Amino acid sequence: MTDTQKIENRRWSSKRVRVEHAIGGMKFFHCLGIRFRNYIDSFRDTVICLAAGSLEGKASLLINKL
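Per my numbering: the sequence shown = residues 986 to 1051.
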């Protein structure tokens, strides 16, 4: 592998890890497999964003954006 390819692989792997951690957070908090039975607008989106961001330590930032 060339040095350029190695650098590109590192970039992709760091992005992939973040995505995998976000998916893992959603699975851990079971927010993908349960049915939300409330009528609050955007509640489901808020829960999913918080679960996805919780493992990255960015839950407080997500709350401020919502």
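Note that the Cβ used here is the ideal one computed from N, Cα and C, for glycine as well.
Remember, it's a predicted structure, so these values are computed and weren't measured experimentally.
DSSP places residue 1011 inside the alpha helix (DSSP H), whose first and last residues are 988-1013. Take the alpha-carbon of residue 1018 and the one of residue 987: they are about 43 Å apart. In this structure, the CA atom of residue 1022 is about 18 Å from the CA atom of residue 1011.
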